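As C-alpha cells, the structure follows; a few thoughts come after it.
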Amino acid sequence: MKKLHFVILFVLLLSTVLNHGNAQQISIPYTCGFEDATENANWTLNANPRQPISTFTNLWYIGTATASQGENSLYISSDQGTTASFTFAENTVLAYREFSLPIGTYDFSFDWKASNTGVTLYCALVPTTVTIYSYNNVSDLPTWLDTYALTFEGSNAKELRGASSWTSARCQLNIQTPQSYRLVFLWNNANYEGKPGGCIDNIQIFGTSCGRPSDLSAKRNGNAVTLTWSGDAAYYNIRYQKSDDSNVYDVSSVNDTTLTLSGLSDGVYDFWIQGVCADGEESMWECFSSVLIYEALCIDFLNLDSAYCSTGTCLQSSMSYDNEIQGRVDFGYASKMSRHTIHYMQDEYDAQTDFGLKTVPDGEFASVRLGNWDTGAEAERIRYNYTVNADDAAVLLLKYAVVIECPTNHPITNQPRFLLEMFGENGEKLDACTSADFSARLDLVGQDGWHQVGPETSPTLWKDWTTVGINLQEYDGQTITIQLTTFDCSQSGHFGYAYFTLGCDEGVVQGINCGEYPTTQFIAPEGFNYSWRKKYVNRDEEISTEQILEVDPSDTTTYEVDVIYPTMAECYFTLEASAIPRFPVASFEYELVHDGCKNEVRFNNTSYIWTENGITGKPVESVLWDFGNGQSSALYSPTVQYPNEGGEYKIKLTAELCDGLCWDDTVMTIVLPSVGDTLVKKQIELCEQDTYDFFGNIISEEGIYYDTLKTIYGCDSIIELSVNMYSKSYTEIWDTICADSVYLFGDRYLTNTGDYRETFVGHMGCDSVVDLHLIVTEPLVVTYELPTYICADEPEFTLHYNTKKGILNDITIAFNAVAQEQGFQDFVFTNDESGSISIPIPSNVKPNTGYSMTLSADNGYCGEYFVEIDFDINYPADIVTQKWDDALAIYNSMYNGGYEFSAYEWYKDGQKIAGASSPYLYLPDEKLDKEALYNVLLTRVEDGVQLFSCPLAIIDKTSLSVYPTMLPPSENVVVETLEDGIFSLWDIMGVRVKTGEVKKKIANTITMPSSEGVYILKLQLTDGSVYQTQIMVK
C-alpha cells in the first residue's frame, strides 16, 4: 500500500519496450502505487505495437488524472494523460511489469475501475516466452488471453468492467515453474468512447503464510465508530480515507479484531487492513471500499446487504414484475449497470435530467437509487422489514425523486413507474393508504416539482425531491414490509428509475409549549396535505391548509388538523392541539423480574401531563432515567439489568415536555437481592456392579454428571457429581523364593512352584484378585570334571559340568595368582546348556602344579555359590620320543623346553611299569603296545616338582620317526623313515615356510625357523602314505 505523497505531478508515456534483460526477481512483499519513479521505469507501456504508436488514440499512461490513493496511477487516456477517458477506436493496448518469483503461492490484488461501454480490462500473468503485442484498428482479443488471463474472487469471469469508482480485485498466483513472467494489464476498445478507461493502482503481491483480514463491519455508536473484522494475526495496521477528504489516516499495531475510532463524521469511507503475524510475516492489505458510516434511524434503508434486493422484467405491463432474481446489482453509484446502489456525493447531479436533479436531497447524506437509465423492460425491487414504534415513529417519511422517460404513444399501463407498497406480518397487502404510485404523465410537467428535458417525442420527466408521509399508527408493534419497485416501459424502449430516502416522524403536532412558555404555532407532520379547524366551534369550517398554524399565546381553543396523504385525498388521520399550559408530572412503578437468572427490574412509567383542567390522559413527550448504576435511558418504560450481586440503588426519573423546556422529576430507592447461578460439587465412589440414583438418573459408569435445578430467581443450581468407579481389579505377580523358604500368600504358606489366586478386599471394599506365579528354586548343586591330563602344548582344556539342582546362568571363573602369572585370565561364561567350558591355556604356560580356579555364580534367593578347583598343567606328550617299536626316550633339556629331571617313573595305561626308572624305556622282548598309552612321572631338578607327561600313543616306527617335536628356534628336527619322500613345513596361518626331500634309513635334519610358534610338518612317502605332526618352536 502507498501513503499520500505530495509530489510534482508527472505524466509518463512509454511507447516502446524499455527492458530487454533478464527478468528481475522482485522482493516479497511487492507493492506498486506508481508513486516511485524508479519502480515506474520497470513498467512497459503500450508494449510491442504492431502499428506506429502515433496511430494509437487510446494509450496507457502513468500520471495524475486519477488515483485510488496518493497522486498517481496507471490509466488509459485519449488526451496524453490529462484525463482517464477514451475515445472512438478499435484497439488493444498492453502495459506490463516483467519479473520472476520463487515457486510458491502468493496473494495478489490491485485497485481498478473501467467503463462498461464497449470496453474491457483484463489482467494476465504471461510467461516471457509468449509473444504479446498491442494492436490498433483491431478489436479482436489475442488467443493467449484465454490461457493466461486471471480470474478474481467473487466472479467466474475474467473481464473487469462496469466500475466507475475504485474497487479491488483479488486472487492468488500459483507459481509452479521457475521462469520469468509479465504481469500484463490489457485494455480492449471495440470503438466506443467514454470514461473512465482502464485504471490501475495499488498493486500488491504478498506471501500467504499470514492470512488476510476479512468481513469488515462498521457500526456507529454516538460519536464513535466501531470497526470489527475477522482474522487470526497477532496485530493489525489500519488505514482509512473519507470520500471527500484527500487525507489518509493510519492506526498501527492494533492487537485485536476490533477498533473504535472517535470523531468520524457520517459519510463514505475506504478502509485498508493488514495483518501482521507472530513471526513478523505481513498479509496483503485488504481493501474494504465505500463503507457507509452513519447513525441508522428508524429504518436502516442504506443497509442494502440486509435488505431484500431483486431484479425482474415487466414485459406484460409496467405493473407486472416477472422473472424475479434475488440479489443486489451494484457496480458503484456512477455505473449505468447498477440497479441497487447508494449515492453519497453531495454535489452530484443526475446527468439524465441535464444535471437538474441532485442525487442526494438536502438534509440527507446519502440516497438509494433503484433502477437505472438502461432500457430493456427492466424492473427492480427493494424490501425492508420495519417494526413500527408508534411512540417515536408513527409516520413513515419517504423522500423520493423520479426520473422517467415518457413515451407519448404508450398507454398508462405501459409507462415507466415508481411504486411504494406495504405488507403485513402474514404477507397481506395493507390498505391503500399505505401505498403510492408514480408514473410518467406529460400533464404533470410544471406542477408538484415535475420537470421535462429531452426531445418532445420521447421526453425525460423528472420529479424533484418530494416528501410523502404515511401514517402507521394502527400497525404499532407489528413488523411490516416496505416494498419499493421501479419499472421501465413494458415495450423495452424507455427507462424509469428513482432515488429515495426513508425516515420517520413522531406523527404529532409540534410547537405545543408547556408551563410558562407560550405556544405561538402548531406544526403538523411533514409530507402531507393539511386541513385545520376548531374542534368545538364551527367544526366544519376549514381555517388553514398549511403545515403550520399560527395561534395567539392566550388562545385556549382546542384545534384539530386532518393530515391528508398527498397522493390519496381519501387517506388521512386527525391530530389535536391546544395552547392551554401543560405541566409534566414524573411518576413510576417497578417490579423485580428474576426470569433467566438476571437481576432485572421492569420500570413502568406512570408520568402524566396536567393542565388547569386536570390530568389530560396523554403521556409526557420524553423521559430521562438515571438507574443509580451509572446507566441512563430515554426509553419510556425500560427494563434494566443490574449486577447479580444486588444492592441498594437510587432511581431518578425526569419527565419532560417540549424537549426539556418543562420538566419534573422523582427519586425512589430500591433494594435488589443477590442472584446468580450456583455450582455444587459432590464426589462418590462405586464398586463395579453398584449403581447410584442421581435425581432419577441411574448411574453405573464412571464420569462427571450434571443436573440443573432452578432457584426461585430462575437461576441454575448446577449439581456436579463426580463418580469414580472401581472395578474388580486384577493383578499378576511373578515371584521367586529358595527351596528353604516359605511364601505367605493371603493366609496360605506356599513352598512349591505353581500358579495361585487369592481374592482380597481392595479400595472402597471392591474385590482385588491377585494371580501369583511362584517359582521355588533349589540351591545350586553343580558337579565338575577335569581332564586327567592338561597338556601344556594344547590351546585349551575342557571343564565339564553338570547342574544337579538350581538354575545356573553366568559362571565367573577367576584364577589364582600362580595361574595369572602364567597368563591365565579371568572370564565369565554364560551357561549354554552344553555342559562344558573351554578354558584357554596360555601359549607359554609352564607345566606345573599349584594352579587353581574359583567358579562363582548367581544363586538367586539361595545365598552365595562358589567352588574352587585345583588343576595341574602336564608336560606335553612329545617330551617323550618313540625309538622304533621297542624304546621310548625323554628328550634332553635342549629339546624338552629346558628342563632337567632327577627321577623317572614310566607308566602304561596309568599303571606303573616295574623297574622302569631311567630316561629310557626299552622293551626289546615285548615291543611297545600300539593299543596302550605311555607317559612318565618326572621329578624336576629345579624345584622337585613331580609331574606327569601327557600320554603318548605308539605309532608304527617301522616306517617313520620324527623328533624332537618341541625345540628352540633355528634348531633341527630329525626325521627317519623307511621310504623316500618329500616334506613341507607350514605355520599355523597356513603359510608354507619350506619344502625338501627325505631319504630312507638315514637321519634327515630339517632346520626350524627363527620365529617362535607352532608349525605343521607334512611328510608324503613314495609308498603313498602321508604323515603330519605338530612342531613347537620356543
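For the sequence shown, the positions run -23 to -1, 1 to 1011 when mature numbering (1 follows the signal peptide of the UniProt record, and there is no 0) is used.
The beta carbon of each residue, even a glycine, is placed where N, CA and C say it ideally should be.
This structure is a prediction, so every number in the text was calculated from the model and none was measured.
Distance between residue j and residue i (C-alpha atoms, nearest Å)
i: Val657; j: Phe87; result: 59 Å
i: residue 1017; j: Ile5; result: Past the edges of the chain, shown from -23 to 1011, lies residue 1017, and the structure says nothing about it.
i: Tyr536; j: Ala554; result: 5 Å
i: Phe565; j: Ala343; result: 41 Å
i: Ile541; j: Ala409; result: 13 Å
i: Gln997; j: Gly973; result: 11 Å
i: Gln153; j: Phe464; result: 51 Å
i: Leu102; j: Thr364; result: 52 Å
i: Gly353; j: Asp299; result: 13 Å
i: Phe774; j: Ser820; result: 12 Å
i: Phe848; j: Asn808; result: 22 Å
i: Glu272; j: Leu479; result: 13 Å
i: Glu598; j: Asp636; result: 8 Å
i: Pro190; j: Val231; result: 13 Å
i: Phe33; j: Asp209; result: 49 Å
Residues bridged to residue i (per DSSP)
i: Glu625; result: Val648
i: Asn581; result: Glu566
i: Gln618; result: Glu577
i: Val268; result: Tyr246
i: His750; result: Trp711 and Asp732
i: Arg360; result: Tyr285 and Gln460
i: Phe960; result: Gly973 and Leu996
i: Cys176; result: Tyr52 and Lys90
Contact under 7 Å by Cβ, residue i with residue j
i: Ala24; j: Leu98; result: no
i: Tyr476; j: Thr593; result: no
i: Asp351; j: Lys406; result: no
i: Thr643; j: Leu634; result: no
i: Tyr158; j: Pro79; result: no
i: Gln618; j: Lys575; result: yes
i: Gly454; j: Asp441; result: no
i: Thr288; j: Thr185; result: no
i: Thr128; j: Lys135; result: yes
i: Val952; j: Val970; result: no
i: Gly800; j: Pro756; result: no
Three-state secondary structure (DSSP) of residue i
i: Val795; result: helix
i: Asn23; result: coil
i: Gly653; result: coil
i: Met741; result: helix
i: Ser31; result: helix
i: Ala101; result: strand
i: Cys715; result: strand
i: Gly(-3); result: With a pLDDT of only 38 at Gly(-3), under the threshold of 50, the placement of this residue in the model should not be trusted; the figure read from the coordinates follows. DSSP places Gly(-3) in coil when its eight states are reduced to three.
i: Glu451; result: helix
i: Ala891; result: coil
i: Gly837; result: helix
i: Gln997; result: strand
i: Asp572; result: helix
i: Ala475; result: strand
i: Ile856; result: helix
i: Leu785; result: coil
i: Thr1006; result: strand
i: Trp121; result: helix
i: Gln392; result: coil
i: Asp13; result: coil
i: Thr237; result: strand
i: Cys275; result: coil
i: Ala632; result: strand
C-beta neighbour in chain B for residue i, strict 7 Å
i: Thr760; result: The structure shown contains no chain B; it holds only a single protein chain.
query = Do the stretch 62 to 82 and the stretch 129 to 144 meet, that is, are 3 or more Cβ pairs less than 8 Å apart?
reply = no
ask   = Is there contact between the stretch 824 to 837 and the stretch 917 to 928, where contact requires at least three CB pairs shorter than 8 Å?
value = In short, these stretches touch, since the Cβ pair count reaches three.
message = Any contact between the stretch 450 to 467 and the stretch 491 to 508? By contact I mean 3 or more CB pairs, one from each, below 8 Å.
response = no
query = Within the chosen definition, does the stretch 760 to 768 reach the stretch 850 to 858 through at least 3 CB pairs nearer than 8 Å?
reply = yes
query = Do the stretch 247 to 256 and the stretch 316 to 324 touch if we need at least three Cβ pairs shorter than 8 Å?
reply = no
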